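Following: one structure in structure tokens, then a few remarks.
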Amino acid sequence: MTLFDNKTILITGGTGSFGNKFVSFLLENTHAKKIIIYSRDELKQYEMQQRFDNTCMRYFIGDVRDKERLKTAMVGVDYVVHAAALKQVPAAEYNPNECIKTNINGAQNVIDAAIACNVRRVIALSTDKAANPVNLYGATKLASDKLFVAANNIAGATGPRFSVVRYGNVVGSRGSVVPFFRKLLQDGCKRLPVTNFEMTRFWITLSEGIDFVVKSFSRMQGGEIFVPKIPSIRIVDLAEAMSGTKEYEEIGIRPGEKLHEVMVPEEMAHHTLEFDDHYVIAPAISFFDKNLDYTRNKLGEIGKGAKAKFEYHSGTNPHFLTVEELRALDKATL
């Protein structure tokens, strides 16, 4: 028996890398009543229908900017994963208002629709770029995180519960560096372009991300930002693992890009709890139930307060993947 058996799950932005993998997980491991894909791209929905034509599948054309359409799609829904977002950092810098409309206004629309339809639980996917943001994409996701945390107060004691999952770069996701490097190598590139030789990133596979989201649904009380303990990589090690050579070209950091990423900023250390395989950033505001104890989650796992001045930083992370580990991971995701 799983949490999702005989339940209806809706995924915003469901035609993306996360949505496709999450649907595979649900179909293989649960007896979901309905799985609803909500996205604005009819071609990707058509292509997804060729892969997933199970009787429990539903496909809704719609944009998270459209609150009324979201309300229609969420009727009878138990669980929502909010994965829809404009995610490309340079594109957001050049088109800020479009990013705001989707990532902030769209987040509020998801919240309002979930409350109106009395959804049980909602998890919003965030990013390491939301911690101490220096680019517009990160700033919009920070605003989105704040909206989803505060939504628990708006929903009240009997309304939906909202939480956030924040993790780093997903190996092989659309628009990410691995498929970009792979395409360059296939086209005969001899020296891969590296933005900065010192750059580091958090690294997680899509399967690990799905597993963490599923566990977070079971763990959540509402208001938490869940952060997995995952390894970091050096971008030069990734280039070497994929190309087989240390010959690469430094091209400079792109607009809005960071040298390193942070998932738990030092300023939030006093709100952070450490569990065996993850961290929880507890809400800074009080909710309907002031006695919520975030040191013990719904699975009975116990967390302890993070040390003073703790920071979860990709450059100081104690766990880095080696070139050999990256090479093996690259082969596994082909």
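Here the sequence shown is numbered in our numbering, starting from 697 and rising by one per residue. C-beta atoms are modelled at their ideal positions from N, C-alpha and C, and glycine is treated no differently. The structure presented is a predicted model; accordingly, all values stated were derived computationally and were not measured.
Under a three-way DSSP split, which group does residue i fall into?
i: TYR863; result: coil
i: MET770; result: coil
i: GLU894; result: coil
i: GLU970; result: strand
i: TYR1008; result: strand
i: TYR975; result: strand
i: TYR990; result: coil
i: GLY1001; result: strand
i: PRO792; result: helix
i: ALA1024; result: helix
i: LEU843; result: helix
i: MET916; result: coil
i: VAL785; result: helix
i: ARG747; result: helix
i: ILE900; result: strand
i: VAL777; result: strand
i: THR708; result: strand
i: MET906; result: Strictly speaking, residue 906 in this sequence is Ile, with Met absent from that position. Note: ILE906 maps to helix in three-state DSSP.
i: VAL1019; result: helix
i: ILE819; result: strand
i: ARG765; result: helix
i: ILE850; result: helix
i: LEU739; result: helix
Would the beta-carbon of residue i fall within 7 Å of that of residue j?
i: ASN987; j: ARG915; result: no
i: TYR975; j: VAL960; result: yes
i: SER951; j: GLU789; result: It is worth fixing the name first, because residue 951 is Pro in this sequence and not Ser. Cβ distance < 7 Å, so PRO951 and GLU789 count as in contact.
i: SER1010; j: HIS956; result: yes
i: VAL760; j: VAL806; result: yes
i: SER859; j: GLU904; result: no
i: THR704; j: LYS740; result: no
i: THR1075; j: ILE977; result: The displayed coordinates of the chain run from 697 to 1030. Any statement about residue 1075 would go beyond what the structure contains.
i: VAL958; j: ALA809; result: no
i: THR901; j: VAL874; result: no
i: ARG785; j: GLU1021; result: According to the sequence provided, residue 785 is Val. The question's Arg does not apply to it. No, the Cβ-Cβ distance between VAL785 and GLU1021 is not below 7 Å.
i: VAL773; j: PHE748; result: no
i: VAL861; j: VAL909; result: yes
i: ASP883; j: MET938; result: no
i: PHE721; j: ILE981; result: no
i: LYS1005; j: GLU962; result: yes
i: ASN791; j: THR836; result: no
i: ILE811; j: ASN892; result: no
Residue range of the alpha helix (DSSP H) that residue i falls in?
i: GLU946; result: Here GLU946 belongs to no alpha helix (DSSP H); instead the beta strand (DSSP E) covers 944-946.
i: LEU881; result: 873-882
i: VAL806; result: 802-812
i: PHE721; result: 713-725
i: SER939; result: 931-939
Using CA coordinates, which residue listed in the options is at the minimum distance from residue i?
i: LEU881; options: GLU936, VAL1019, MET895, ILE807; result: GLU936
i: ASN865; options: PRO786, ALA846, SER928, THR708; result: SER928
i: VAL815; options: PRO1014, GLY918, ILE998; result: GLY918
i: ILE796; options: GLY834, THR1012, MET744; result: GLY834
i: HIS966; options: PRO979, THR891, ASP973; result: PRO979
i: VAL1045; options: VAL932, SER939, MET964, THR941; result: The shown model of the chain, from 697 to 1030, leaves out residue 1045, and the question about it has no answer.
i: THR931; options: LEU706, LEU1017, ILE998, LEU995; result: The sequence given here places Ile at residue 931; Thr does not occur at that position. If we check each option's Cα against that of ILE931, LEU1017 comes out closest.
i: GLY758; options: LEU706, HIS727, GLN746; result: LEU706
Since residue i is in the beta strand (DSSP E), which residue starts that stretch and which ends it?
i: MET959; result: 958-960
i: ILE921; result: 921-924
i: ILE981; result: Here ILE981 belongs to no beta strand (DSSP E), and DSSP marks it neither H nor E.
i: LYS730; result: 730-735
i: MET753; result: 753-757
Any 3 or more C-beta pairs closer than 8 Å across the segment 761-781 and the segment 818-825
yes
Taking 8 Å as the cut-off, does the segment 720-735 touch the segment 749-763 (at least 3 CB pairs, one atom from each stretch)?
yes
Count Cβ pairs between the segment 889-896 and the segment 841-857 that sit closer than 8 Å; are there 3 or more?
no
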